[in-house]
Amino acid sequence: MYDVIVVGGGPGGSVAAKRCVQSGLKTLLLERKKLPRDKVCSGMVMGPWANDIIEQEFGTIPREILTEPPQLSGHMMHVPGTPPRQIQYKTPLAWRKNLDFWMIRMAREEGVEIREGARLIEVNQKAGTCTVTLMEGKTPREIATRFVIGADGGASAVRKSIFPRLKVQYSVPMRECYDGELDLEKDYFHWFFPKHRARPRFGLNHKGDCFLIEGSGIKELRNEINQILARYGFNPDKKALWKDGCLIPRLHHDLISGAFTPAKGNVLLIGDAAGLLFPITFEGIGTALKSGILAAESVARSIIEGSGVAGTYLRQLKPIVKIIGDLDSWNKKLELKAARGSVAFSKALAAAYGETLKIG
36 MYDVIVVGGG
46 PGGSVAAKRC
56 VQSGLKTLLL
66 ERKKLPRDKV
76 CSGMVMGPWA
86 NDIIEQEFGT
96 IPREILTEPP
106 QLSGHMMHVP
116 GTPPRQIQYK
126 TPLAWRKNLD
136 FWMIRMAREE
146 GVEIREGARL
156 IEVNQKAGTC
166 TVTLMEGKTP
176 REIATRFVIG
186 ADGGASAVRK
196 SIFPRLKVQY
206 SVPMRECYDG
216 ELDLEKDYFH
226 WFFPKHRARP
236 RFGLNHKGDC
246 FLIEGSGIKE
256 LRNEINQILA
266 RYGFNPDKKA
276 LWKDGCLIPR
286 LHHDLISGAF
296 TPAKGNVLLI
306 GDAAGLLFPI
316 TFEGIGTALK
326 SGILAAESVA
336 RSIIEGSGVA
346 GTYLRQLKPI
356 VKIIGDLDSW
366 NKKLELKAAR
376 GSVAFSKALA
386 AAYGETLKIG
């Protein structure tokens, strides 16, 4: 019998589990894949929430965890018909495989029990107790716990289990990795908006001896990608070293309207599982860490006070949901600015991205 089972070994899951153990709770962290495991993500540690919480909870990110370059100078926005616009913002850069594994090792050192290769099947609740059913290899197992924290990403099995009727729309970011380099500043993350709209878009960044093209519009923008990047030395016939992708839940409007609340009974959802990604940038490390801490604090408070954990957690989440709503309003502004031409749209994009970086 555990006090808390955390499902998912990303930054949010690691900090939630670590905080639970520090509150004296017997905590198990389940990770579906064998560690270290990769995640489709730019690997940018963006904004004050992500950087400050990592520093406070885990310490300075070791140099060996970071890539080359280890830190970006900022972001560069490329809109046809106007010069590239720079946003200066120091941003640590890593492969998520290495960053996440570092944090989960730190959680283990604090006393978190970690079980990898454990795929969650379902979560059931009854009389204040949760039963987690999982598969380890070909063997199903049931584990009892008082609380569950779902930190298992955009396609969350925890969310599907406790909200089986919730209809979720997804975007599908893809990532392609190529060896070599392009004639673009390596210390910037480059965003391209070939349709003069906020979406579809694609991004490009260098990591060591390779570069990555990523975004939810890669298939749709294939011709534009080839034409644009050819100017910087990209060979459209070049084969990628590898390709992968993931699912991002589009739950912003459900969260803002209250149609979806990421908690039920003794089960709390955090990070991508809760749909807590920032609009515009779709950055999720900072919100995962922030909500992970709030979930752990809510569980500890519930035990001390004998109060319901879901209500406590949802109240704590309100400021984050409000920020998401404020940032989501930029989408309409960007549509209006795009109708006024490339220069107005480019300025608005820089302002929207800058606002996101400043907040979280």
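Going by this note's numbering, the first residue of the sequence shown is number 36, and it counts up by one from there.
Just so you know, even glycine gets a beta-carbon here, dropped at the ideal spot from N, CA and C.
Here the structure is a predicted model, which means the values were calculated and not measured.
Contact annotation: the stretch 131-149 touches the stretch 37-49, with at least three C-beta pairs closer than 8 Å.
Under DSSP, the beta-bridge partners assigned to N159 are T166.
By the CB criterion at 9 Å, F269 and I394 fall outside the cutoff. In this structure S292 is exposed. Its beta-carbon is surrounded by fewer than 16 other beta-carbon atoms within 10 angstroms. C55 is not a Cβ neighbour of A385, given a cutoff of 9 Å. Judged by DSSP in its simplified three-state form, D361 adopts helix. Every alpha helix (DSSP H) of 4 residues or more that sits fully in the stretch 309-363 is shown, in chain order, as 320-340, 344-363.
Annotation for D187: V42, G43, V193, A308 place their beta carbon closer than 6 Å to its own, counting only its chain and skipping 5 residues before and after. With distances taken between CA atoms, E99 lies nearest to K132 out of K132, H113, L70. The alpha carbon of G109 has as its nearest neighbour, out of Q351, P175, F317, E220, the alpha carbon of E220.
Check the Cα spacing between L63 and each of K254, R234, G146: the tightest is with G146.
Restricting attention to alpha helix (DSSP H) runs no shorter than 4 residues, the stretch 201-267 encloses them at 257-265, ordered along the chain.
Cβ atoms of A383 and I315 stay farther apart than 8 Å, at about 11 Å. Taken atom to atom, the span from the alpha-carbon of A153 to that of G45 is near 14 Å. By DSSP's assignment, Y37 forms a beta bridge with T180. DSSP, reduced to helix, strand and coil, places S108 within a strand of the structure shown. Across the structure, F295 and P271 are spaced so that their CA atoms are roughly 43 Å apart. By a beta-carbon distance limit of 8 Å, L282 does not contact A379. Their separation comes to about 33 Å. As the crow flies, the alpha-carbon of E90 is around 29 Å from that of L286. Three or more Cβ pairs closer than 8 Å define a contact, and the stretch 164-173 falls short of that threshold against the stretch 79-88. Bounds of the beta strand (DSSP E) holding D279 are 277-280. Between the C-alpha atoms of I355 and V207 there is a straight-line separation of about 24 Å. G163 places its beta carbon 9 Å or farther from that of L304. Taking C-beta separations shorter than 6 Å and ignoring five residues to either side along the sequence, the partners of P235 in its chain run G252, E255, L256, following chain order.
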